[in-house]
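Mapping the sequence shown onto my numbering, position 40 (from 1) lands on 45, and the numbers just tick up by one.
Data block below; observations after.
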Amino acid sequence: MKRRFSDEQIIGMIKEYEAGVKTQDLCRKYGISDATFYKYKAKFGGMHCTAGHCAAMSRE
(Lines of atoms letter the chains of each structure in order from A; the text may use other names.)
(Lines give C-alpha, C1' and ligand atoms only; values in the text may rest on other atoms or scores of the structure.)
Protein backbone atom coordinates (compact mmCIF):
# COMPACT_ATOMS: atom_id res chain seq x y z
CA MET A 6 0.00 0.00 0.00
CA LYS A 7 1.25 3.46 -0.88
CA ARG A 8 2.19 5.63 2.07
CA ARG A 9 2.12 9.09 0.49
CA PHE A 10 0.21 10.68 -2.34
CA SER A 11 1.31 13.66 -4.42
CA ASP A 12 -0.72 16.86 -4.29
CA GLU A 13 -2.02 16.15 -7.79
CA GLN A 14 -3.21 12.68 -6.74
CA ILE A 15 -5.00 14.09 -3.70
CA ILE A 16 -6.70 16.75 -5.81
CA GLY A 17 -7.74 13.97 -8.19
CA MET A 18 -9.34 12.11 -5.27
CA ILE A 19 -11.26 15.23 -4.27
CA LYS A 20 -12.42 15.76 -7.86
CA GLU A 21 -13.74 12.18 -7.90
CA TYR A 22 -15.60 12.91 -4.66
CA GLU A 23 -17.09 16.08 -6.13
CA ALA A 24 -18.15 14.09 -9.21
CA GLY A 25 -20.34 11.94 -6.98
CA VAL A 26 -18.15 9.03 -5.86
CA LYS A 27 -18.92 8.01 -2.28
CA THR A 28 -16.28 8.67 0.38
CA GLN A 29 -16.32 5.02 1.44
CA ASP A 30 -15.62 3.89 -2.14
CA LEU A 31 -12.74 6.35 -2.55
CA CYS A 32 -11.17 5.32 0.72
CA ARG A 33 -11.35 1.66 -0.23
CA LYS A 34 -9.95 2.37 -3.72
CA TYR A 35 -6.94 4.33 -2.44
CA GLY A 36 -6.42 2.41 0.81
CA ILE A 37 -6.90 5.38 3.14
CA SER A 38 -9.13 6.00 6.15
CA ASP A 39 -12.14 8.31 6.19
CA ALA A 40 -10.23 10.64 8.52
CA THR A 41 -7.32 10.86 6.09
CA PHE A 42 -9.66 11.67 3.20
CA TYR A 43 -11.40 14.42 5.17
CA LYS A 44 -8.00 15.83 6.19
CA TYR A 45 -7.00 15.95 2.51
CA LYS A 46 -10.36 17.52 1.66
CA ALA A 47 -9.91 20.23 4.30
CA LYS A 48 -6.41 21.01 3.05
CA PHE A 49 -6.94 20.75 -0.71
CA GLY A 50 -10.69 21.27 -1.13
CA GLY A 51 -11.47 24.15 -3.45
CA MET A 52 -8.08 23.92 -5.16
CA HIS A 53 -8.88 23.41 -8.81
CA CYS A 54 -5.66 24.09 -10.62
CA THR A 55 -3.34 22.69 -13.23
CA ALA A 56 -0.53 20.38 -12.21
CA GLY A 57 2.16 22.99 -12.90
CA HIS A 58 0.35 25.62 -10.86
CA CYS A 59 -0.13 23.23 -7.93
CA ALA A 60 3.54 22.28 -8.00
CA ALA A 61 4.52 25.95 -7.89
CA MET A 62 2.16 26.58 -4.99
CA SER A 63 3.52 23.66 -2.97
CA ARG A 64 7.08 24.98 -3.33
CA GLU A 65 6.15 28.37 -1.83
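Glycine is no exception: its CB is placed at the ideal position from the N, C-alpha and C atoms.
Whole-angstrom C-beta distance between residue j and residue i, which should lie under 8 Å
{"i": "T28", "j": "D12", "result": "Contact doesn't hold; Cβ gap of about 20 Å is too wide."}
{"i": "Y35", "j": "M18", "result": "6 Å"}
Boundaries of the alpha helix (DSSP H) in which residue i is found, first to last residue
{"i": "R33", "result": "T28 to Y35"}
{"i": "A40", "result": "D39 to F49"}
Euclidean distance between Cα positions of residue i and residue j
{"i": "A99", "j": "I15", "result": "This structure cannot settle anything about residue 99, because the visible part of the chain is limited to 6 through 65."}
{"i": "T41", "j": "G25", "result": "18 Å"}
{"i": "E23", "j": "F49", "result": "12 Å"}
Contact set for residue i: own chain, Cβ-Cβ below 7 Å, skip 5 residues either direction
{"i": "E21", "result": "L31"}
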